[in-house]
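Colleague: First the structure, which I've put down as structure tokens, then a few questions once you've had a look.
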Amino acid sequence: MIPISDVNYRARFPFVNLTLIAINILVYIYEASLGGINLTANTASIEAFFTRWAVIPVEYTLGRDIGAPSPHPIFITLFTAMFMHAGLLHIGGNMLYLWVFGDNVEANMGHVKYLIFYLACGIIAGITHILFNRLSPIPSVGASGAIAGVLAAYLVLFPRANIRTLVIFFYFITTTYIPALILIGIWILLQVFQGIADLGAPTAQTGGVAVWAHIGGFVAGLMLVFLFRGREVKVTPRGYYDPRL
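In the working numbering, the protein residues as written are 271 to 515.
Next up, the structure:
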């Protein structure tokens, strides 16, 4: 199931959400210029870039860089890793989710509070990943943890909002409307099941997915949304959420 759009009304132009998407895309373009994932040239350059700016759990456990010494503190990677991605599918999926769900959360919270909320969820997601992978030398990147927090906020604020969703089942392809409570609920349940299954594995990044970062970001979003949310969300007679009512 792939979300395409929602039917929510938004009262504010989501320039923070669009700026976040733009920054992620620009960083990925820079990665590609270094010979990033899906490319073949200058692989040493992209590896050095990831080693310097991605979250590497074992560095936090040891309290030092495991590669070449870096001029910046280790903890800065909890911020920088949020804007890095490991491939076109990685960034494409993340930016799609942020595009669909982020604008309405920003409309409810306001621009500044939404930005703080997004970054806080991403940082907590990174810390959660480190706690469950203390000895992992694998660089972790992506906006998934922060976006998981956005999904949690959307779930609290707009549980009955309908999400236009692309459903693919073998050769059967169609679009339908699924309530946010069901769509996001299924997503987080899958993350929890995979996270539990990965416990005890050499790394919880099984399959290249840092599921505990997703879970940490989602739980952070569930808690922080009550501090950052704006005016009460109401429903129009047509079923659309209009924060101006």
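The beta-carbon is built from N, C-alpha and C at its ideal position, and this holds for glycine as well.
Please classify A311 as buried or exposed, where buried requires at least 16 other C-beta atoms within 10 Å of its C-beta.
Modeller: For this step, residue 311 is matched to residue 41 along the sequence shown. Low confidence applies here, because A311 scores a pLDDT of 49, under 50, leaving its location unreliable and the question unanswered by this model.
Colleague: Which class does V370 belong to by DSSP, given the choice of helix, strand or coil?
Modeller: As a position in the sequence shown, residue 370 is number 100, starting the count at 1. If DSSP states are grouped into helix, strand and coil, V370 belongs with the helices.
Colleague: Name the residue from T398, T435, P273 whose alpha carbon lies nearest to the alpha carbon of Y330.
Modeller: Start at 1 with the first residue of the sequence shown, and residue 330 comes out as number 60. The shortest Cα separation from Y330 among T398, T435, P273 belongs to T398.
Colleague: Would you report the Cα separation of A351 and A422, rounded to the nearest angstrom?
Modeller: Within the sequence shown, the letter at position 81 stands for residue 351. Within the sequence shown, the letter at position 152 stands for residue 422. Roughly 21 Å between the two C-alpha positions.
Colleague: Given a cut-off of 9 Å, decide if Y424 and V277 are closer than it, judged by their beta-carbon atoms.
Modeller: As a first step, residue 277 is located in the sequence shown; it is residue number 7 there, counting from the start. As a first step, residue 424 is located in the sequence shown; it is residue number 154 there, counting from the start. Contact flag unset, no.
Colleague: Alpha carbons only, please: which of Y388, V297, S340 is nearest the one belonging to R499?
Modeller: Here residue 499 is taken as the residue at index 229 of the sequence shown, counted from 1. Out of Y388, V297, S340, Y388 has the C-alpha closest to the C-alpha of R499.
Colleague: Since S444 and I274 should fall inside the 8 Å C-beta cutoff, what is the C-beta to C-beta distance between them, to a whole number of angstroms?
Modeller: As a working mapping, residue 444 is identified with position 174 in the sequence shown. As a working mapping, residue 274 is identified with position 4 in the sequence shown. It should be noted that the sequence gives Thr, not Ser, for residue 444. Not really, about 12 Å apart at Cβ, beyond 8 Å.
Colleague: What are the partner residues of Y447, as DSSP defines its beta bridges?
Modeller: Taking the first residue of the sequence shown as position 1, residue 447 is located at position 177. Note: Y447 sits in a beta bridge opposite R434.
Colleague: Here's the rule I'm using: 16 or more other beta-carbon atoms within 10 Å means buried, otherwise exposed. How should P409 be labelled?
Modeller: Along the sequence shown, one-based indexing puts residue 409 at 139. Its Cβ being crowded by 16 or more others within 10 Å, P409 is buried.
Colleague: By the 10 Å Cβ neighbour count, where 16 or more other Cβ atoms means buried, how is V481 classified, buried or exposed?
Modeller: In the sequence shown, residue 481 corresponds to position 211, counting from 1. V481 is buried by the Cβ-count criterion.
Colleague: Are G415 and T347 touching if we call contact CB-CB under 9 Å?
Modeller: To locate residue 415, count along the sequence shown from 1; it is residue 145. To locate residue 347, count along the sequence shown from 1; it is residue 77. No.
Colleague: Among L358, A324, L366, which has the Cα closest to the Cα of L288?
Modeller: Residue 288 sits at position 18 when you count from the first residue of the sequence shown. L288 has its Cα closest to that of L366, out of L358, A324, L366.
Colleague: What is the rounded straight-line gap between the Cα of L497 and the Cα of V297?
Modeller: On the sequence shown, residue 497 is found 227 positions in, with the first residue counted as 1. On the sequence shown, residue 297 is found 27 positions in, with the first residue counted as 1. Computed Cα separation, rounded: 30 Å.
Colleague: Report yes if the CB atom of F442 is closer than 9 Å to the CB atom of H381, and no otherwise.
Modeller: Against the sequence shown, residue 442 aligns to sequence position 172. Against the sequence shown, residue 381 aligns to sequence position 111. In this structure, H381 does not lie closer than 9 Å to F442 by Cβ.
Colleague: Put I336 into one of helix, strand or coil per three-state DSSP.
Modeller: Taking the sequence shown and counting its residues from 1, one reaches residue 336 at position 66. Looking at I336 - three-state DSSP - the assignment turns out to be coil, as it is neither helix nor strand.
Colleague: Along the beta strand (DSSP E) that carries S406, what are the first and last residues, could you check?
Modeller: Within the sequence shown, the letter at position 136 stands for residue 406. Counting along the chain, S406 falls outside any beta strand (DSSP E), and DSSP gives it neither H nor E.
Colleague: Classify S406 as buried or exposed, calling it buried when 16 or more other Cβ atoms lie within 10 Å of its own Cβ.
Modeller: As a first step, residue 406 must be located in the sequence shown, where it is residue number 136. Looking at its Cβ environment, which holds 16 or more other Cβ atoms inside 10 Å, S406 is buried.
Colleague: Just to confirm, are L460 and I433 a CB contact at a threshold of 9 Å?
Modeller: The residue you call residue 460 lines up with position 190 of the sequence shown. The residue you call residue 433 lines up with position 163 of the sequence shown. Against a cut-off of 9 Å, the Cβ pair of I433 and L460 comes out as no contact.
Colleague: Which residues in the same chain as L290 place their Cβ atom closer than 6 Å to its Cβ, once the five residues preceding and following it in sequence are excluded?
Modeller: Counting from one through the sequence shown, the residue named residue 290 turns up at place 20. No residues qualify anywhere along the chain.
Colleague: State the Cα-Cα distance for the pair R280 and H360, rounded to the nearest angstrom.
Modeller: Position 10 of the sequence shown, counted from the start, is the residue given in the question as residue 280. Position 90 of the sequence shown, counted from the start, is the residue given in the question as residue 360. Going by the C-alpha atoms only, they are around 27 Å apart.
Colleague: With which residues is F442 paired in a DSSP beta bridge?
Modeller: Along the sequence shown, one-based indexing puts residue 442 at 172. DSSP, once it has assigned bridges, lists F439 as partnering F442.
Colleague: Tell me, please, which residues DSSP counts as bridged to V325.
Modeller: Walking along the sequence shown from the start, residue 325 turns up at place 55. DSSP lists S410 as partners of V325.
Colleague: Can you tell me which of F320, Q464, I393 puts its alpha carbon nearest to the alpha carbon of F349?
Modeller: Residue mapping note: residue 349 aligns to position 79 of the sequence shown, counting from 1. Answer by Cα proximity: I393.
Colleague: By a C-beta neighbour count over all protein chains shown, 10 Å radius and 16 as the cutoff for buried, is A467 buried or exposed?
Modeller: On the sequence shown, residue 467 is found 197 positions in, with the first residue counted as 1. Label assigned to A467: exposed.
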